[in-house]
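In the order they appear, the protein sequences are chains C and D. This note's numbering puts the first residue of the first sequence at 521, with every later residue one more than the last. This note's numbering puts the first residue of the second sequence at 521, with every later residue one more than the last.
There are 2 protein chains.
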Amino acid sequence: MATPLATAQALKLWHDVNLAQVHGDEADLSLRQVTILLTIYMEAPPHTIRDLAKKLNVSKPVITRALDSMGKLELVARRRDEADRRNVLVQRTVKGALYLDRLANLIGASSKSL
Amino acid sequence: MATPLATAQALKLWHDVNLAQVHGDEADLSLRQVTILLTIYMEAPPHTIRDLAKKLNVSKPVITRALDSMGKLELVARRRDEADRRNVLVQRTVKGALYLDRLANLIGASSKSL
DNA sequence: TAAGACTGAAACGCATCCGTAACGATTTTG
DNA sequence: CAAAATCGTTACGGATGCGTTTCAGTCTTA
Chain C
521 MATPLATAQA LKLWHDVNLA QVHGDEADLS LRQVTILLTI YMEAPPHTIR DLAKKLNVSK
581 PVITRALDSM GKLELVARRR DEADRRNVLV QRTVKGALYL DRLANLIGAS SKSL
Chain D
521 MATPLATAQA LKLWHDVNLA QVHGDEADLS LRQVTILLTI YMEAPPHTIR DLAKKLNVSK
581 PVITRALDSM GKLELVARRR DEADRRNVLV QRTVKGALYL DRLANLIGAS SKSL
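Take a look at the structure:
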């Protein structure tokens, strides 16, 4: 991006995307949940609960519960690490990818009208 | 903006700003709350509860409660409409303006690193 | 192999959010 | 001026999120 977004532009972008989310009938995730979801999909695996908790600087139960709720929505999946069965590996799903694709399109469309 | 954000860029922007919010110690507002706040500050007054509810396509109690919580944080203020005392006019505050200014800076800074 | 460390999950208590349905206060209408 | 309409709020019941603490399962190490 050549020039960073000016204040009004940045806020308009934020407003438009958030408004679309509110209008849409998708389940709206919490701030932490979206951040977790994005981390899983943007950074290279493996993703463990502990790593995610450290990256976001939140407690492990926050991650566990976020995976519970997003798991119900099939946005992410869990799998035991067979090499070290204490670990749980968080994995991507088709629905999760679609969810983020839709989000990216929303952002892209809003940024176009700046 | 010359070219709209590509998928990866859009998601990185969203991730970075959300992560900063999670890391920060500010009260994190819900999706609806931020949208309401942004609407109040970006569109011309007056703002009534009914108008806001209609714009966001949510019920009036959602607006009332959002104003309750954001009012406690002094992000917005309420005032009776003396012309029609049934109405409540939602008003901006210094803290609210600062809050959004910080948010805009966050977005601007993240967009710079694309 | 027994003691300790580590990992994710469950339990508990608290706070907050939501939608629907009611309710008082105020204004408009007939 | 009484009846209806409008506005924002409150009350209710249910769902969800959070932090801290505790726990069971698994690995490491001494």
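Yeah, the Cβ is synthetic: ideal placement off N, Cα and C, and Gly gets one too.
Against chain D, with Cβ distances strictly below 8 Å, would R552(C) count as a contact?
Yes, R552(C) counts as interfacial toward chain D.
Tell me which same chain residues have a C-beta within less than 8 Å of the C-beta of A547(C), skipping the five on either side of it?
Correct list, in chain order: L593.
Does any residue of chain D bring its CB to less than 8 Å from the CB of V578(C)?
Cβ-Cβ to chain D under 8 Å: yes for V578(C).
Is the Cβ of K574(D) closer than 8 Å to any Cβ of chain C?
So no, K574(D) is outside the interface.
Just to confirm, is the Cβ distance from V596(D) to G616(D) under 8 Å?
Between V596(D) and G616(D), the CB-CB gap stays under 8 Å.
Could you check what DSSP says for M521(C) in three-state terms: helix, strand or coil?
Below a pLDDT of 50, predicted positions are generally treated as unreliable, and M521(C), at 47, falls in that range; no measurement from the model is reported.
Against chain D, does I627(C) count as a neighbour if the rule is that its beta carbon must be under 8 Å from one of theirs?
Yes, its Cβ sits closer than 8 Å to a Cβ of chain D.
For S579(C), collect the residues of the same chain with a Cβ closer than 7 Å to its Cβ; drop the 5 residues on either side in sequence, then sort them by chain order.
Same-chain partners within the cutoff: A573.
Measure how close the beta-carbons of I556(C) and I583(C) come, nearest whole angstrom, since I'm counting them as under 8 Å.
About 7 Å separates the two Cβ atoms, so the contact holds.
Is there a C-beta anywhere in chain C that falls below 8 Å from the one on A624(D)?
Yes, A624(D) lies at the interface with chain C (some Cβ there is under 8 Å from its Cβ).
How many angstroms separate the CA atom of V537(C) from the CA atom of M562(C)?
A straight-line Cα-Cα distance of about 20 Å links V537(C) and M562(C).
Taking Cβ-Cβ distances shorter than 7 Å, what residues in chain D pair up with V596(C)?
Within 7 Å Cβ-Cβ: nothing; V596(C) doesn't reach chain D, min ~15 Å.
R600(D): first and last residue of the uninterrupted beta strand (DSSP E) it sits in
Taken as a continuous stretch (DSSP letters only), the beta strand (DSSP E) holding R600(D) covers 596 to 600.
Within 8 Å of any Cβ in chain C, is that where the Cβ of D601(D) sits?
With a threshold of 8 Å between beta carbons, D601(D) makes no contact with chain C.
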